[in-house]
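Chemist: To start, I am sharing the structure in question, which I have written as structure tokens.
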Amino acid sequence: EDQVTQSPEALRLQEGESSSLNCSYTVSGLRGLFWYRQDPGKGPEFLFTLYSAGEEKEKERLKATLTKKESFLHITAPKPEDSATYLCAVQAKGGSQGNLIFGKGTKLSVKP
Amino acid sequence: GAVVSQHPSWVICKSGTSVKIECRSLDFQATTMFWYRQFPKQSLMLMATSNEGSKATYEQGVEKDKFLINHASLTLSTLTVTSAHPEDSSFYICSASQGGAVNQPQHFGDGTRLSIL
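Those protein sequences? They're chains S and W, same order as listed. If you're matching positions, the first sequence starts at 97 in our numbering and goes up one per residue. If you're matching positions, the second sequence starts at -11 in our numbering and goes up one per residue.
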């Protein structure tokens, strides 16, 4: 069964304290892995797409990496405005376009 | 680019009422849109895929007569929750992909908080 597990469930950091969020997945052929940011009461905001192991994407303080079993979202020197829930989703080969399998997310809190 | 707008943001209504939620792609055309449901502290769960000009495809366990989907144009899909009951209270979110490739990212609206009294 295709599955996505994110850890930790919650993460509290001090401003400037770098860390990583984990997304482990089991899927019968990966078509793509997506990272989103979701603020309370809002829809997910697209961050990155990763398609193959070894691929990396960067945007400001965020860097996403991908292996055959997991993806990491590295946050360098976070700021309070980076506080949000970060969602990971995978799309399996053979699935319909809409069949994104989401993890439950990691709630990140960055204290000033 | 790739902006998806959803309306209304929140709805409070009595049990038995039908509620319509609109999802629009503002700066691109979307032949396919998606409807998700999210419970507190839970994952987004795909409910159905909305196809322009044809019937929606529903995920297993989702009642098609309960959740009516219409995708009448390339920029608008609607979800109608018919005869809503308290157990239908949830956060409903739509999304759409820009471009034709199947592995393009989905862009999400800001969701609709539905509360049935």
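Beta carbons are placed, not taken as given, at the ideal position from N, Cα and C, and that holds for glycine.
#1: Check whether the Cβ atoms of leucine 117(S) and glutamine 102(S) lie closer than 8 Å to each other.
#2: Does the distance from the C-beta atom of asparagine 148(W) to that of glutamine 187(S) stay below 8 Å?
#3: Using a Cβ-Cβ cut-off of less than 8 Å, list which residues of the stretch 135 to 153 of chain S approach chain B; keep chain order.
#4: What does leucine 196(S) touch in chain W if you count any residue whose Cβ is under 9 Å from its own?
#5: Put glutamate 75(W) into one of helix, strand or coil per three-state DSSP.
#6: Is DSSP giving glutamate 47(W) helix, strand or coil here?
#7: To the nearest angstrom, report how far apart leucine 56(W) and glycine 99(W) are at their CA atoms.
#8: So, does the CB of aspartate 53(W) fall closer than 8 Å to a CB anywhere in chain S?
#9: Whole beta strand (DSSP E) runs in the stretch 149 to 203 of chain S with 3 or more residues, listed along the chain?
#10: Based on DSSP bridge pairs, tell me the residues matched to glutamate 40(W).
#11: Who are the Cβ neighbours of histidine 73(W) in its own chain at under 8 Å, not counting the five residues just before and after it?
#12: Helix, strand or coil: how does DSSP classify glutamate 141(S) here?
#13: How would you list, in chain order, the residues of chain S whose beta-carbon sits under 7 Å from the beta-carbon of aspartate 98(W)?
#14: State the start and end residues of the unbroken beta strand (DSSP E) segment that holds valine -1(W).
#15: To which residues of the same chain is arginine 101(W) closer than 6 Å at the C-beta, ignoring the five residues directly before and after it?
#16: Am I right that glycine 199(S) and threonine 181(S) are in contact with their C-beta atoms under 8 Å? What's the rounded C-beta distance?
#17: For arginine 108(S), which of Ile171(S), Glu152(S), Asn195(S) has the nearest alpha-carbon?
#18: Inspect the CB distances between the stretch 129 to 141 of chain S and the stretch 9 to 18 of chain W and report whether three or more fall short of 8 Å.
#19: What in chain S is Cβ-close to lysine 106(W), meaning under 8 Å?
#20: With DSSP collapsed to three states, give me the class of glutamine 17(W).
Modeler: In brief:
#1: For leucine 117(S) and glutamine 102(S), yes; Cβs fall inside 8 Å.
#2: Outside the displayed span of chain W (-11 to 105) sits residue 148(W), for which this structure offers no information.
#3: Among the protein chains of the structure shown, namely S and W, there is no chain B.
#4: Residues of chain W passing the Cβ test: Phe22, Tyr24, Leu32, Leu34, Ser83, Gln94.
#5: Correct three-state label for glutamate 75(W): helix.
#6: Taken through DSSP and simplified to helix, strand or coil, glutamate 47(W) comes out as coil.
#7: One C-alpha to the other measures close to 17 Å.
#8: Cβ-Cβ to chain S under 8 Å: no for aspartate 53(W).
#9: Counting whole runs of 3 or more residues, the stretch 149 to 203 of chain S contains the beta strand (DSSP E) stretches 152 to 155, 158 to 162, 166 to 171, 180 to 188, 196 to 198.
#10: Per DSSP, none; premise fails for glutamate 40(W).
#11: Cβ within range, chain order: Ser3, Gly4, Ile104.
#12: Glutamate 141(S): strand per DSSP, three-state reduction.
#13: In chain order: Lys138, Gly139.
#14: Looking at the DSSP string, the run of the beta strand (DSSP E) that includes valine -1(W) is -2 to 1.
#15: Excluding the 5 residues flanking it on each side, arginine 101(W) has same chain C-beta neighbours closer than 6 Å at Trp(-2), Phe79, in chain order.
#16: The C-beta separation of glycine 199(S) from threonine 181(S) comes to about 10 Å, leaving the pair out of contact by the 8 Å criterion.
#17: Considering only alpha carbons, the answer is Ile171(S).
#18: No: the two stretches stay apart, fewer than three of their Cβ pairs being nearer than 8 Å.
#19: Nothing about residue 106(W) can be read from this structure; chain W reaches only from -11 to 105.
#20: Reduced to three states, the DSSP call for glutamine 17(W) is coil.
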